[in-house]
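Enquirer: Sharing a structure, written as structure tokens. Questions coming.
In our numbering, the protein residues as written are 362 to 483.
The following block contains the structure:
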């Protein structure tokens, strides 16, 4: 793995870490969701600083180069994260659908409250 790639990966790890800290301070990200990104930035730093680990692993797995293994590893982590996010979105979509259905049933059962709201906002 060339020094340029190592430096880029390490800098990327530091930038991801800094961006996560910035997002948490600005209350744009929940700490629980940021754990993955902290680990991701740590993995990038380890890859950039200790490429010998990936050279040995690349040889053991018969991968052409350590850079290919590093990219494969990082892409794999990102795919896992996308899958987790898809699961969350699916669960939230189901909850939203139930909430809308419950609200529609409530409004159908209580039409007099809806008319009072219309007059109030009217």
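Every residue, glycine too, gets a C-beta built ideally from N, C-alpha and C.
Owing to the predicted nature of the structure, the values given are computational and were not obtained by experimental measurement.
What's the C-alpha gap between residue 392 and residue 366?
Expert: 30 Å
Enquirer: For residue 401, which residues of its own chain have a beta-carbon under 7 Å away from its beta-carbon, when the five flanking residues on both sides are left out?
Expert: Here the set comprises 377, 438.
Enquirer: For residue 421, count neighbouring Cβ atoms within 10 angstroms of its own Cβ and tell me buried if that reaches 16, exposed if not.
Expert: exposed
Enquirer: Could you check where the alpha helix (DSSP H) with residue 469 kicks off and where it finishes?
Expert: Looking at the DSSP string, the run of the alpha helix (DSSP H) that includes residue 469 is 427-470.
Enquirer: Evaluate the contact criterion for the region 405-415 versus the region 454-471: three or more CB pairs, one atom per stretch, below 8 Å.
Expert: no
Enquirer: Measure the Cβ-Cβ separation of residue 419 and residue 430 and say whether it is below 7 Å.
Expert: With contacts defined by Cβ atoms closer than 7 Å, residue 419 and residue 430 form a contacting pair.
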